[in-house]
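Visitor: Shown below is the structure under consideration.
Here's what the structure looks like:
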């Protein structure tokens, strides 16, 4: 029989009896996620939870008495992150060695002093160390497989044996660290005073640069700089600065920030859109960006945001590129109504129910646009693209389009030929159809 609550159960050691440990209403927006038994206290578990706070923390939870005991780790600025295990899992299979959290970059807080010392040594050994992880380690601890990744490293593996380092291979070995652009963390004020974080990928050369605002999809996810971002690096390598704004609704900045995107009515196309524009204007004010060379490119919800940007009256962009975009919020509501449950269903239905609708804004479009969609998209079906193109034609709006044959929704489903078609079309559009967005002179001087 279906209920409107999630119930978590545990089994005391040495018994076969399952007991209730926690009960949560399915519509709750608070996190409760058991991770591993807490070996410091009997019948306790380490859990990631809000426990009445705005940010997620790591807590010790008393399963026997169904209550939180104490905070193991929590922060006031961002969610407390995720615990990680000991580097030698063969010898220490159940140990939680520390917790990672992300803001300007991803950081580790160690509970084990020896592990902290090991990672300091590894970071000194690995060239251009960023996010160093032990992927495997021998039982005696003397042989390790170590990976390194980051904005300027798509992923490289090393063998470390008796203190000597040998490079094994890389995910994209043809890319060199010094060829890739650095990524910087910024914060700025939105027009209503809300503090917004963002990541800026900075091309080589001297500014002010042309800018591509690249909002993430979701929209209720978060971005960090602990990994290589192919799209932003592709754009930066061609002379464009890239802003990835963590607009309201983005995860890891707390419940209030997350819920502010929808809890009192949808901010999609409204304050969420302002957050993106205000980030671009902030970079202009800092002297980093040319105000006459700005564009927006996004995918999924980010594609939706690009379509909204194209029709705004106070236009700050020269063009937009919208990929896999939600064009009809009513159609997207039908998708989510029958596929998800709980708080995720509330957030999505509330968001799209009150969102500014791109398909109803077509006549307001005032900049060139490129519309891209995969014809096998399972998350945002191609009907979104088809309906929008029909509406553009009826309104007599000029546009360019690209259909990626056989492509699904997510970027990791795009094959090499999809990427080549997408990147070449994007760069050609920016160069020839987007006002003064050309980076020809900048690239010639690199």
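Numbering (my numbering), first residue to last: 5 to 450. Just so it is clear, CB atoms sit at the ideal spot from N, CA and C, and this is done for glycine as well.
1. Count the other C-beta atoms from every protein chain shown that fall within 10 angstroms of the C-beta of residue 166, then say buried if there are 16 or more, exposed otherwise.
2. Per the contact definition of three or more C-beta pairs closer than 8 Å, is the region 219-226 in contact with the region 167-183?
3. Measure the CB-CB distance between residue 300 and residue 310 and report whether it falls below 7 Å.
4. Roughly how many angstroms separate the alpha carbons of residue 342 and residue 380, rounded to a whole number?
5. Would you tell me roughly how many angstroms separate the C-alpha atoms of residue 374 and residue 406, rounded to the nearest one?
6. Please classify residue 388 as buried or exposed, where buried requires at least 16 other C-beta atoms within 10 Å of its C-beta.
7. Out of 163, 369, 287 and 360, state which residue places its alpha-carbon closest to the alpha-carbon of residue 317.
8. Only counting the same chain, and skipping five residues up and downstream in sequence, which positions put a Cβ closer than 7 Å to that of residue 157?
9. Hey, is the region 245-254 in contact with the region 320-327, meaning 3+ C-beta pairs nearer than 8 Å?
10. For the region 64-71 against the region 34-50, do three or more pairs of beta-carbon atoms, one drawn from each stretch, fall closer than 8 Å, so that the two count as touching?
11. Let me know the alpha helix (DSSP H) ranges lying completely inside the region 75-102, each 4 residues or longer, listed in chain order.
12. Does the distance from the C-beta atom of residue 418 to that of residue 411 stay below 7 Å?
13. For residue 448, is the classification buried or exposed, using 16 other Cβ atoms within 10 angstroms of its Cβ as the cut-off for buried?
14. Starting from residue 508, follow the beta strand (DSSP E) in both directions and report where the run begins and ends.
15. Could you pull out every residue in the same chain whose Cβ sits closer than 6 Å to the Cβ of residue 78, ignoring the five residues on either side in sequence?
16. Whole-angstrom Cβ separation of residue 168 and residue 217, contact assumed at under 8 Å?
17. So what does DSSP say about residue 299, is it helix, strand or coil?
18. Should residue 59 be labelled buried (16 or more other beta-carbon atoms within 10 Å of its own) or exposed?
19. Find the nearest neighbour of residue 164 within the set 213, 149 and 175, judged by alpha-carbon distance.
20. Tell me whether residue 337 sits in a helix, a strand or coil according to DSSP, three-state version.
21. Whole angstroms are fine: how far does the CA of residue 372 sit from the CA of residue 436?
22. Can you check which of these residues, 258, 308 and 286, is closest to residue 276 by C-alpha distance?
23. Can you tell me whether DSSP reads residue 175 as helix, strand or coil?
24. Roughly how far, in whole angstroms, is the beta-carbon of residue 143 from the beta-carbon of residue 94, given that I think they are within contact range, below 8 Å?
25. What is the DSSP secondary structure of residue 9, reduced to helix, strand or coil?
26. Would you call residue 14 buried or exposed, if buried means 16 or more other Cβ atoms sit within 10 Å of its Cβ?
27. Determine the DSSP secondary structure at residue 276, reduced to helix, strand or coil.
28. Is it the case that the Cβ atoms of residue 90 and residue 99 are separated by a distance below 7 Å?
29. Can you grab the Cα-Cα spacing for the pair residue 2 / residue 377, in whole Å?
30. Alpha carbon to alpha carbon, what distance is there between residue 238 and residue 152?
31. Starting from residue 256, trace the beta strand (DSSP E) in both directions and tell me its first and last residue.
32. How about the region 283-297 and the region 260-275: do they share at least three Cβ pairs that are nearer than 8 Å?
33. What residue ranges within the region 117-202 form continuous beta strand (DSSP E) runs of no fewer than 3 residues, ordered along the chain?
34. What are the boundary residues of the beta strand (DSSP E) that residue 24 is part of?
35. Can you look up residue 433 in the DSSP assignment and give me helix, strand or coil?
36. Around the C-beta of residue 22, are 16 or more other C-beta atoms found within 10 angstroms, so that it is buried, or is it exposed?
Guide: Per the coordinate set shown:
1. exposed
2. no
3. yes
4. Within the model, the alpha-carbon separation for residue 342 versus residue 380 is close to 20 Å.
5. Answer to the nearest angstrom: the Cα atoms are 8 Å apart.
6. A buried status is given to residue 388, since no fewer than 16 other beta-carbon atoms sit within 10 Å of its beta-carbon.
7. 369
8. 132, 134, 181 and 232
9. no
10. yes
11. Counting only unbroken stretches of 4 or more residues, no alpha helix (DSSP H) element lies wholly within the region 75-102.
12. yes
13. The predicted model places residue 448 with a pLDDT of 48, which falls under 50 and marks its position as unreliable; any figure quoted below should be read in that light. Under this definition residue 448 is an exposed residue.
14. Since the first residue shown for the chain is 5 and the last is 450, residue 508 is missing from the structure and cannot be characterised.
15. Within the same chain, Cβ atoms closer than 6 Å to the Cβ of residue 78 are found at 61 and 84, the five residues on either side in sequence being excluded.
16. With 8 Å as the limit, residue 168 and residue 217 do not qualify as a contact, their Cβ atoms being about 45 Å apart.
17. strand
18. buried
19. 149
20. Note: residue 337 maps to helix in three-state DSSP.
21. Annotation: residue 436 to residue 372 spans about 11 Å, alpha carbon to alpha carbon.
22. For the residues 258, 308 and 286, the minimum Cα distance to residue 276 belongs to 308.
23. If DSSP states are grouped into helix, strand and coil, residue 175 belongs with coil.
24. 5 Å
25. strand
26. With 16 or more other Cβ atoms within 10 Å, it is buried.
27. helix
28. yes
29. The structure shown has nothing for residue 2, since the chain only spans 5 to 450.
30. 20 Å
31. Neither: residue 256 is in no beta strand (DSSP E) and is coded neither H nor E.
32. At 8 Å Cβ cutoff, the stretches do not touch.
33. List check, beta strand (DSSP E) in window: 135-141, 147-154, 157-165, 168-174 and 186-193.
34. 23-29
35. helix
36. That one is exposed.
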